[in-house]
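Peer 1: Line by line, the protein sequences are chains A and B.
Residue 1 is where the first sequence starts when you use our numbering, and the numbers rise one by one after that.
Residue 417 is where the second sequence starts when you use our numbering, and the numbers rise one by one after that.
Cβ coordinates follow ideal geometry from the N, Cα and C atoms, glycine included.
Number of protein chains: 2
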Amino acid sequence: MTLDEALADGGPAAVRRARAWLSRAVEPGTIDFWRFVDSGGPVDAVRRIRSGTAPERIRALVGARAEQDESLPDLRRAERCGARLVVPEDDEWPALALHALTVAVSEEPEDHGAQSDRTLAPVPPVALWVRGPARLDELVDRSVAVVGSRASTAYGDHVAGELGYQLGERGWTVVSGGAYGIDAAAHRGALAAAAPTLAVLACGVDRPYPAAHGALFHRIAETGLLVSEWPPGCAPLRHRFLVRNRLIAALTRGTVVVEAAARSGAQATAKRARRLGRGLLVVPGPVTSAMSVGCHELLRDAEAGATLVTSAAQVIEAVGGIGTDLADPPERPTFPRDGLSDVATRVLDACPVRHGVGPERLAAIAGCDVLEVLRVLPALELADLVQWTATGWRLTPPGRAGEAGEDDRAPGREDG
Amino acid sequence: MTLDEALADGGPAAVRRARAWLSRAVEPGTIDFWRFVDSGGPVDAVRRIRSGTAPERIRALVGARAEQDESLPDLRRAERCGARLVVPEDDEWPALALHALTVAVSEEPEDHGAQSDRTLAPVPPVALWVRGPARLDELVDRSVAVVGSRASTAYGDHVAGELGYQLGERGWTVVSGGAYGIDAAAHRGALAAAAPTLAVLACGVDRPYPAAHGALFHRIAETGLLVSEWPPGCAPLRHRFLVRNRLIAALTRGTVVVEAAARSGAQATAKRARRLGRGLLVVPGPVTSAMSVGCHELLRDAEAGATLVTSAAQVIEAVGGIGTDLADPPERPTFPRDGLSDVATRVLDACPVRHGVGPERLAAIAGCDVLEVLRVLPALELADLVQWTATGWRLTPPGRAGEAGEDDRAPGREDG
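Here's what the structure looks like:
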């Protein structure tokens, strides 16, 4: 069936065919093109472009592609690799998540010279090519992006893998770009927790890039999803990665940056997340690591509004529901002397290790009154911190009280 | 000369003798005692305590010590180890730095039951025992505290040492507590830069603790200063470390926490620095390190008001003069394609690696107009990014353009 015949029908099939055609007509992320499609609907948009009645700006954007039609081969090619085209008219369309892009694009000026650069412009996708068994809207409902450098360190890979695993285990979808380094580690972590994960690609879902991640993409597509704005067969051209990144931000509740080099794309990621009202979470690292410099820049930049996170629990606390999903504070051991009063602490410090001394001597060392000493000694004895000997009071020898090992431990010798 | 005889004189020697006596009479950091000394002056304070005419609260604080007098032996003992007593009446007194404590103590309530705990109370010292050749006020003028865990890791030691060295080299005094771990690494870093460094001790300057740091303290005292509120011979009782910590905060323009365990003293350090209007600077570390957990807690706690720092330059920027001492942003390499327009980037990406193609083909792949392609090609050729061949335009082979190695590099193959 030719394109014109398919469009004549006007039903869901026509809409799908039209959006398939539109997804190849102009590079995604083009504000004016999305507005044109949005205003008259996809079927009308295709008709006007092909008949030459579209506005000049739209005709210039489409250029020579107006004459071509790969929509049917694209749909067939998708089918052959187990993929499908999800369009805004489908129930599966992640409308809630992408709403942030619709809002943001409405704030862009009319004059395209004044609009955001295409690599940063917040534009909803015209359609999404999707490969895998999961439902797109369900998978992104509770999702977090985990992104970072391709040239990650073993530390970054470890942290991304742990985050991916922990998030997956707690029912959160890890969204990333399928790239080398942090992306792959995050996806693999989620897969290790038997959790579906979602890779947003900058190329066709039938030719995932990088090629060395073929097995990884295959595993992702078994339980999760590979998602792309570009039709099957499209190459991962460089500028497409940047355009793709807005989808990673929009589809998720927040973005975790695990490792980033100095002045890398991390700032753009931050700006995008903030503009879409998404949380920006950043994992710190050694200040000696070049791969954490970008993370630390984000955390130092008050405008970036980044939150430092060190665990999946803290990530979930930041992006999860208010009041639910709260992370426990880190634990510390407790010591018998925790909670002692100032005077009790001083009396305890004044007690010698070996030969017991009387309350008067303790009062002189501790710098307090004898009555105060006599008031706190029973509690100290009850806590097994001091003991009575023939010559007076002394510290309970180690092994009896669980005291040793705290940081501030100082010798109990008295003032000379 | 007895104490009473010495006081009768009323001159500078009487003041020094009185403050020597007062520094042993009551534990430092006691709000009511400092207020009593401050209101009538040191000579009058000693007289009233010894004659029993001081208020009951003061007499209770001094207790049995009212009868004793170690002031002359203390001053002699100090002299023997090359130390001296610096009093508020001296030019050398660091009045500017300690003014923050005077202000803060004035906000404490009259009722001592409602006052801050002595380990946290902001109280100026009655006097300072000082050992070393440097002038106290000059040394603390441009100073930074570098503190952290005693149980530091190799990472923490490395960072503290680097900070100490870099700060020292740039003319800043490193102030710390002379303890194991971060403190020692910071002092050693400063010494390695041949810069004077200052250790604030929780014991007498003649018996520095820990004993294993004897050589370190000796080196510090050769060019810098050992400083203590406690008279010579006093033991490093546990509670004294906490009381001492307020001086480290007050004497410096800001405090850098390098490593801290979960829920360690770092929160107290933060609270103290904030209360004194000092900057709190925190070095992040691997999220996998227990010794960075306390640092990350501080950075996550909005109330702590901590600033993440990764270098001495950033520390100086934070505590130095406004507009001066600015840290350079981290550097990144530049690439020939930096600054290319959106269309130029897309045309560049569309260029094949081997066989050149015509502008029409480039326009179709890049998704733009042929005229736009023709407009950007000259600039790309000028930048040596593309070249003209018999069959059309292609990418300049690697080795000619300085292009390889950037993160986002994607294959230049065209859409299939």
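1) So V703(B) and H712(B) are in contact, right, with Cβ under 8 Å, and what is the actual spacing, rounded?
2) Between which two residues does the alpha helix (DSSP H) containing T518(B) stretch?
3) Please say whether T345(A) and H655(B) have beta carbons closer to each other than 7 Å?
4) Just to confirm before moving on: does the CB-CB distance between V789(B) and A779(B) stay below 7 Å?
5) For the segment 673-752 of chain B, list the beta strand (DSSP E) runs that are entirely contained and at least 3 residues long, ordered along the chain.
6) Does the Cβ-Cβ distance between R65(A) and A18(A) come in under 7 Å?
7) Taking the alpha-carbon of A302(A) as reference, which of A154(A), A270(A), V309(A) and R48(A) has the nearest alpha-carbon?
8) Grouping DSSP H, G and I as helix and E and B as strand, with all else coil, what is G577(B)?
9) Taking all protein chains shown into account, decide if P469(B) is buried (16 or more other Cβ within 10 angstroms of its Cβ) or exposed.
10) Assess, as a yes-or-no matter, whether the segment 500-507 of chain B is touched by the segment 529-545 of chain B under the definition of 3 or more beta carbon pairs within less than 8 Å.
11) With a CB to CB cut of under 7 Å and the five nearest residues on each side skipped, what residues in its chain are close to V786(B)?
12) Take every Cβ of the segment 99-117 of chain A, pair it with every Cβ of the segment 194-213 of chain A, and state whether three or more of those distances are shorter than 8 Å.
13) Could you spell out where the beta strand (DSSP E) holding S176(A) opens and where it closes?
14) Comparing the C-beta of T310(A) with each C-beta of chain B, is any distance below 7 Å?
15) Return the chain-ordered list of same chain residues with a C-beta closer than 7 Å to the C-beta of P109(A), the five sequence neighbours on each side being excluded.
16) Pick from G695(B), A424(B), C619(B) and T639(B): whose alpha carbon is nearest that of R604(B)?
17) Given that a residue counts as buried once 16 or more other Cβ atoms are within 10 Å of its Cβ, and exposed if not, what is M707(B)?
18) Output, in sequence order along the chain, the residues in the segment 435-469 of chain B whose CB is closer than 7 Å to any CB in chain A.
19) Any chance you could list the beta strand (DSSP E) runs of at least 3 consecutive residues sitting entirely within the segment 757-818 of chain B, in chain order?
20) Using a Cβ cut-off of 8 Å, pull out every chain A residue sitting near L715(B), in sequence order please.
21) By Cβ distance below 7 Å, which residues in the same chain neighbour V37(A) in space, the five residues on each side in sequence not counted?
22) Mind pulling the chain B residues with CB within less than 8 Å of Y155(A)?
23) Give the interface partners of G368(A) over in chain B, defined as CB-CB distance under 7 Å, in chain order.
24) Among residues of its own chain, excluding the 5 on either side of V763(B), which ones have a beta-carbon nearer than 6 Å to its beta-carbon?
25) With distances taken Cα to Cα, identify the nearest neighbour of D141(A) among E92(A), H158(A), A186(A) and A121(A).
26) Taking G579(B) as the reference, give the member of E486(B), L663(B), A689(B) and V560(B) with the closest Cα.
27) Less than 7 Å between CB atoms is the rule here; does A364(A) satisfy it with respect to chain B?
28) Just mark E645(B) as buried or exposed, buried being the case when its beta carbon has 16 or more other beta carbons within 10 Å.
29) The beta strand (DSSP E) that contains L75(A), what's its start and end?
30) Hey, quick one: how far does the alpha helix (DSSP H) through A246(A) stretch, first residue to last?
31) Select from D448(B), L423(B), R716(B) and H515(B) the residue whose C-alpha is nearest the C-alpha of A436(B).
32) Counting only beta-carbon separations shorter than 7 Å, does A426(A) have a partner in chain B?
33) Residues bridged to R84(A) by DSSP?
34) What residue range is occupied by the uninterrupted alpha helix (DSSP H) comprising S532(B)?
35) Measure from the C-beta of T671(B) to each C-beta in chain A and report whether the shortest distance is under 7 Å.
36) Of all Cβ atoms in chain A, is any one closer than 7 Å to the Cβ of T589(B)?
Peer 2: For this structure:
1) 7 Å
2) A511 to S522
3) A contact, by the Cβ cut-off of 7 Å.
4) Contact check for V789(B) against A779(B) passes: the beta carbons are separated by less than 7 Å.
5) 695-698
6) no
7) For the residues A154(A), A270(A), V309(A) and R48(A), the minimum Cα distance to A302(A) belongs to A270(A).
8) DSSP, reduced to helix, strand and coil, places G577(B) within a helical segment of the structure shown.
9) Note on residue identity: the sequence assigns Thr, not Pro, to residue 469(B). Around the CB of T469(B), fewer than 16 other CB atoms lie within 10 Å, so the residue is classed as exposed.
10) yes
11) P775, E776 and A779
12) no
13) T173 to S176
14) yes
15) Q115
16) Of all alpha-carbon atoms in G695(B), A424(B), C619(B) and T639(B), the one lying nearest the alpha-carbon of R604(B) is that of T639(B).
17) Buried, because 16 or more other Cβ atoms sit within 10 Å of the Cβ of M707(B).
18) V442 and E443
19) 802-805 and 808-811
20) Taking the beta carbon of L715(B) as reference, the chain A residues within 8 Å of it are P284, L299 and L308, listed in sequence order.
21) Cβ-Cβ distances below 7 Å link V37(A) to L22, A45 and V126 in the same chain, with the five nearest sequence neighbours on each side left out; the list follows chain order.
22) P702 and T704
23) The amino acid at residue 368(A) is misidentified as Gly; the sequence shows Cys. Ordered by position in chain B, the residues that pass the 7 Å Cβ test against C368(A) are G479.
24) L778, A782, V789 and V792
25) E92(A)
26) Before going further, note that residue 579(B) is Leu rather than Gly in the sequence given. Cα-wise, what sits closest to L579(B) is V560(B).
27) It does: the Cβ of A364(A) has a partner Cβ on chain B nearer than 7 Å.
28) Label assigned to E645(B): buried.
29) It is not in any beta strand (DSSP E) - L75(A) instead sits in the alpha helix (DSSP H) that spans S71 to R80.
30) It should be pointed out that residue 246(A) corresponds to Arg in this sequence rather than to Ala. R238 to L251 is the span of the alpha helix (DSSP H), which, as asked, contains R246(A).
31) For A436(B), the nearest C-alpha among the options comes from L423(B).
32) Only positions 1 to 416 of chain A appear in this structure, which leaves residue 426(A) out of reach.
33) V130(A)
34) Here S532(B) belongs to no alpha helix (DSSP H), and DSSP marks it neither H nor E.
35) no
36) no
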